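For the sequence shown, our numbering assigns the number 298 to the initial residue and increments by one for each residue that follows. Note that beta-carbon positions come from the ideal geometry of N, C-alpha and C, so glycine has one too. Note that the structure is predicted; figures quoted are calculated from it, not measured. Quick notes on the structure that follows.
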Amino acid sequence: MLDKLAEDTKDVVFLKVDVDKYQALVESFEVTSMPTIIGYKNGAVTDRVIGAYIEKITEMEFKQKIATGAVIVDFYATWCGPCKRLAPMLDKLAEDTKDVVFLKVDVDNHQALAESSEVTSMPTIIGYKNGAVIDRVLGANIEKVTEMVKKLTA
298 MLDKLAEDTK DVVFLKVDVD KYQALVESFE VTSMPTIIGY KNGAVTDRVI GAYIEKITEM
358 EFKQKIATGA VIVDFYATWC GPCKRLAPML DKLAEDTKDV VFLKVDVDNH QALAESSEVT
418 SMPTIIGYKN GAVIDRVLGA NIEKVTEMVK KLTA
């Protein structure tokens with residue numbers, strides 16, 4: 298899919314990095330899950346997509362995303378060990394769950410959003426259905442998150 302996009306988009310340069318071969322790059326760009334796609338413009342990060350997640354999101358976009366349908370939001374921090382352990386499991390769950398939108402919010406970059414969502418520890422996973430909070434999981438508990446997904450899709 299990215300190969301086709303690169304072919305069709307001539308004013309954007311696409312680079313692939315072999316994460317097994319270039320471990321130093323993986324660490325310097327804080328890659329925790331595959332795929333990780335990082336957008337740059339004039340040397341600054343503009344977007345970051347990790348697995349099936351949308352990572353960069355404004356408060357307005359957040360409110361729009363949770364307003365309709367089933368949404369799981371992973372509030373995490375890049376320095377959080379449990380968040381790093383949970384990330385690949387959430388990626389797999391997002392990949393396997395087609396009826397739920399998964400969002401990822403870095404609490405250090407979106408403090409106001411974390412505060413308005415009453416996030417006090419990481420990871421915090423919140424399930425929304427049509428804008429209402431249905432469930433909340435504190436900590437790296439994939440079993441409870443999986444149960445939350447079942448509630449949201451029931």
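Anticipated Cβ contact below 8 Å, V446 with T394, distance rounded
If you number the sequence shown from 1, residue 446 lands on position 149. If you number the sequence shown from 1, residue 394 lands on position 97. V446 to T394, Cβ: 6 Å. Contact.
Under the three-state DSSP convention, the category I439 falls into
What you label residue 439 is simply residue 142 of the sequence shown in a count that begins at 1. Note: I439 maps to helix in three-state DSSP.
Mapping DSSP to helix, strand and coil, what is G378?
On the sequence shown, residue 378 is found 81 positions in, with the first residue counted as 1. G378 falls in the helix class under three-state DSSP.
Three-pair Cβ contact test at 8 Å for the stretch 399-412 versus the stretch 434-443:
no
What do you reckon, are the CB atoms on A391 and L449 nearer than 8 Å?
Within the sequence shown, residue 391 is the residue found at index 94, counting from 1. Within the sequence shown, residue 449 is the residue found at index 152, counting from 1. Result no, Cβ atoms of A391 and L449 do not sit closer than 8 Å.
Just to confirm, is the Cβ distance from S418 to L435 under 8 Å?
Your numbering for residue 418 matches position 121 in the sequence shown. Your numbering for residue 435 matches position 138 in the sequence shown. Cβ distance < 8 Å, so S418 and L435 count as in contact.
Beta-ladder partner(s) of Y373, from DSSP:
Against the sequence shown, residue 373 aligns to sequence position 76. BP columns for Y373 point to D403.
Alpha carbon of K362 to alpha carbon of T421, nearest angstrom:
By 1-based counting over the sequence shown, the position of residue 362 is 65. By 1-based counting over the sequence shown, the position of residue 421 is 124. Approximately 18 Å between the Cα atoms of the pair.
Through-space distance from A451 to A411, alpha-carbon basis:
The count along the sequence shown starts at 1 and reaches residue 411 at position 114. The count along the sequence shown starts at 1 and reaches residue 451 at position 154. If I take the Cα positions, the gap works out to 27 Å.
Residue environment, V370, which counts as buried when at least 16 other CB atoms sit within 10 Å
Sequence index remark: in the sequence shown, residue 370 carries index 73 (1-based). Looking at its Cβ environment, which holds 16 or more other Cβ atoms inside 10 Å, V370 is buried.
Roughly how many angstroms lie between the CA atoms of V319 and A429, to the nearest whole one?
The residue given as residue 319 occupies position 22 in the sequence shown. The residue given as residue 429 occupies position 132 in the sequence shown. In the sequence under discussion, the amino acid at residue 319 is Tyr, which differs from the Val named in the question. About 43 Å.
Determine the direct distance from the alpha carbon of F326 to that of V342, and round the result to whole angstroms.
On the sequence shown, position 45 is the one that residue 342 refers to. On the sequence shown, position 29 is the one that residue 326 refers to. Their backbone Cα atoms lie some 10 Å apart in a straight line.
Assigned exposure category for V416 - 16 Cβ within 10 Å defines buried
In the sequence shown, the residue the question calls residue 416 occupies position 119. By the neighbour-count rule (16 or more Cβ atoms within 10 Å), V416 is buried.
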